[in-house]
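So the structure is just underneath, and the comments pick up after that.
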Amino acid sequence: MHREDLAPATLAVSSGRPARVPGGPLNAPITMASALVPGAASEYGRHGNPAWESFEEILGTLEGGRALAFSSGMAAATALFDLVPLHGVVVAPHGAYNGTLTQLRERARRKLIELRLVDISDTGSVVDAAHEAALVWIESPTNPGLELADVKAIAHGATAVGTAVAVDNTFATPLRQRPLDLGADFVIHSASKLLSGHSDVVLGAVVTNSDRAYRAIEARRTTMGAIPGALETWLAARGMRTLAVRLDRAEANARELTRRLEASPLVSRVRYPGFGTVVSFEIAAGPTAAQAMTEQSEVIIYATSLGGVESTWERRRRNPAEPTTVPDGLVRLSVGIEDVEDLWADLERTVSAVS
Ligand SMILES: *Cc1c(COP(=O)(O)O)cnc(C)c1O
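Residue 61 is where the sequence shown starts when you use the numbering used here, and the numbers rise one by one after that.
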């Protein structure tokens, strides 16, 4: 049986395991070591640790490339931005994750790069902006606006003019979108979200199918030192074993909640891209009421971040760093794997209470 024939749900379970030897463990152990016996690729824990390999192999297999784990999603993004030549142009969505935009804006302010912000759902303008650029950064769906990019068309257009393409695939996961297959050069993940899936890990990754790029990014990781912890990669690898079932269940919940929210007269706008586990919506009663609503829920937890088994929500603009392009009242709901009737009852009760 060839591994390429296996479905993603199977690969998530079967890849990244140690060789099957009598008495050996089924799962890779957590290797707590700063120094390793010389003679292999790494002899120091910043250069490489066997503890990272299981996570990297599972993610690389699912994305169709080779993965490098980093200490956070932002550390992974930073490693890539560091490869942009001085004064190089970076094209990015104006609706991207606020941490990404903050970093790109800071680099632009320091004149390290030139930043071109685009509407990522307008393929023509993204491809136009890619001319004489070093990097097109795609996020799809975007956080928290849930806009979609045509990754294939943008990658085609950007590649034709020699511009590299990176996709932040945090919201879609490789089970819903495989950017390398669509022509992108890099995939970036915040593994803190759906990949690890239990809101107990901060971790990131870059995936590429170019050996040259892999070596360059690995060298960045070694030099800059934004390496993952052994426990974090172990937890994320364990989380990815159940990614397919968690995603299916949370996505089914998200679809159902979207349907009911759209039918509610108390809700003014619902955004859901048709897949994934995040729903963003606004209520007719306005931003102050939306804030109160999120603080009153019982099943849904009032908290930031997303992609865990537990449902969480927050009004994004309560964070002063959130771009003003995000509506003041927008609530980002990360749907978990609870019973959908319990989630709806909580939602209906809280939205009614503040309306
Ligand atoms: C959370 C997030 C990040 C940042 O990842 P960290 O692991 O928090 O550093 C980047 N992109 C998206 C889309 C995110 O949701």
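Idealized CB from N, CA, C, for every residue including glycine.
Using a Cβ-based criterion (distance less than 7 angstroms to any ligand heavy atom), does residue 262 qualify as near ligand 1?
By 1-based counting over the sequence shown, the position of residue 262 is 202. Yes - ligand 1 has a heavy atom lying nearer than 7 angstroms to the Cβ of residue 262.
Along the beta strand (DSSP E) that carries residue 127, what are the first and last residues, could you check?
Here the question's residue 127 lines up with position 67 in the sequence shown. That run of the beta strand (DSSP E) goes 126-130.
Take residue 213 and list the residues in its own chain whose beta-carbon comes closer than 8 angstroms to its own, dropping the five residues that flank it on each side.
As a working mapping, residue 213 is identified with position 153 in the sequence shown. Once the five neighbours on either side are set aside, the close Cβ partners of residue 213 are 183 and 187.
Whole-angstrom Cβ separation of residue 177 and residue 215, contact assumed at under 8 angstroms?
For the purposes of this step, residue 177 is taken as residue 117 along the sequence shown, with counting starting at 1. For the purposes of this step, residue 215 is taken as residue 155 along the sequence shown, with counting starting at 1. Actually they do not touch by this definition, with Cβ atoms about 19 angstroms apart.
So, do the segment 345-363 and the segment 389-403 have three or more beta carbon pairs nearer to each other than 8 angstroms?
yes
Can you give, in chain order, each stretch of the beta strand (DSSP E) that sits fully within the segment 161-204 and has at least 3 residues?
Scanning the segment 161-204 from its first residue to its last, the whole beta strand (DSSP E) runs of 3-plus residues come out as 173-178 and 195-199.
Environment of residue 127 [buried if 16+ CB atoms lie within 10 Å]
To locate residue 127, count along the sequence shown from 1; it is residue 67. Residue 127 counts as buried, since no fewer than 16 other beta carbons sit within 10 angstroms of its beta carbon.
Looking at residue 385 and residue 303, is the spacing between their C-beta atoms short of 8 angstroms?
As a first step, residue 303 must be located in the sequence shown, where it is residue number 243. As a first step, residue 385 must be located in the sequence shown, where it is residue number 325. By the CB criterion at 8 angstroms, residue 303 and residue 385 fall outside the cutoff.
Let me confirm a value: residue 274 is counted as buried when at least 16 other C-beta atoms fall within 10 Å, else exposed. Which label applies?
Counting from 1 along the sequence shown, the entry for residue 274 is found at position 214. Buried, since its Cβ has 16 or more Cβ neighbours within 10 Å.
Starting from residue 34 and walking both ways along the alpha helix (DSSP H), at which residues does that stretch end?
This structure does not reach residue 34, given that the chain is present from 61 up to 415, and the question cannot be answered.
Top-ranked residue by Cα proximity to residue 221, from 300, 211 and 190:
As a working note, residue 221 is residue 161 in the sequence shown. Residue 221 has its Cα closest to that of 190, out of 300, 211 and 190.
Buried or exposed: which applies to residue 377, given that a residue is buried once 16 or more other Cβ atoms fall within 10 Å of its Cβ?
As a first step, residue 377 is located in the sequence shown; it is residue number 317 there, counting from the start. The residue is buried, with at least 16 neighbouring Cβ atoms inside 10 Å.
Between the Cα of residue 65 and the Cα atoms of 81, 82, 124 and 209, which residue gives the shortest distance?
Start at 1 with the first residue of the sequence shown, and residue 65 comes out as number 5. When only C-alpha atoms are compared, the closest one is 124.
What is the DSSP secondary structure of residue 206, counted as helix, strand or coil?
Working through the sequence shown from its first residue, we reach residue 206 at position 146. Looking at residue 206 - three-state DSSP - the assignment turns out to be coil, as it is neither helix nor strand.
For residue 294, tell me which candidate among 99, 102 and 119 has the shortest Cα-Cα distance.
Locating residue 294 in the sequence shown gives position 234, counting from the first residue. When only C-alpha atoms are compared, the closest one is 119.
Closest residue to residue 93 among 102, 150, 193 and 269 (Cα-Cα distance):
Along the sequence shown, one-based indexing puts residue 93 at 33. Measuring from the Cα of residue 93, the nearest candidate turns out to be 102.
Going by the CB atoms, is the gap between residue 144 and residue 218 shorter than 8 angstroms?
Sequence index remark: in the sequence shown, residue 218 carries index 158 (1-based). Sequence index remark: in the sequence shown, residue 144 carries index 84 (1-based). Cβ atoms of residue 218 and residue 144: not closer than 8 angstroms.
Using 8 angstroms as the Cβ pair cut-off and three pairs as the minimum, do the segment 322-331 and the segment 305-313 touch?
no
Are the Cβ atoms of residue 208 and residue 181 separated by less than 8 angstroms?
Reading the sequence shown from its first residue, position 148 is the one you call residue 208. Reading the sequence shown from its first residue, position 121 is the one you call residue 181. Cβ distance < 8 angstroms, so residue 208 and residue 181 count as in contact.
Taking the beta strand (DSSP E) that residue 271 belongs to, which residues open and close that run?
Your numbering for residue 271 matches position 211 in the sequence shown. Looking at the DSSP string, residue 271 is not in any beta strand (DSSP E); the run it does join, the alpha helix (DSSP H), is 271-284.
C-beta contact flag for residue 109 and residue 290 at 8 angstroms:
Numbered from 1 along the sequence shown, position 49 holds the residue referred to as residue 109. Numbered from 1 along the sequence shown, position 230 holds the residue referred to as residue 290. Yes, these two residues count as a Cβ contact at 8 angstroms.
Taking only runs of the alpha helix (DSSP H) that begin and end inside the segment 344-388, which ones reach a length of at least 4 residues, in chain order?
347-356, all fully within the segment 344-388.
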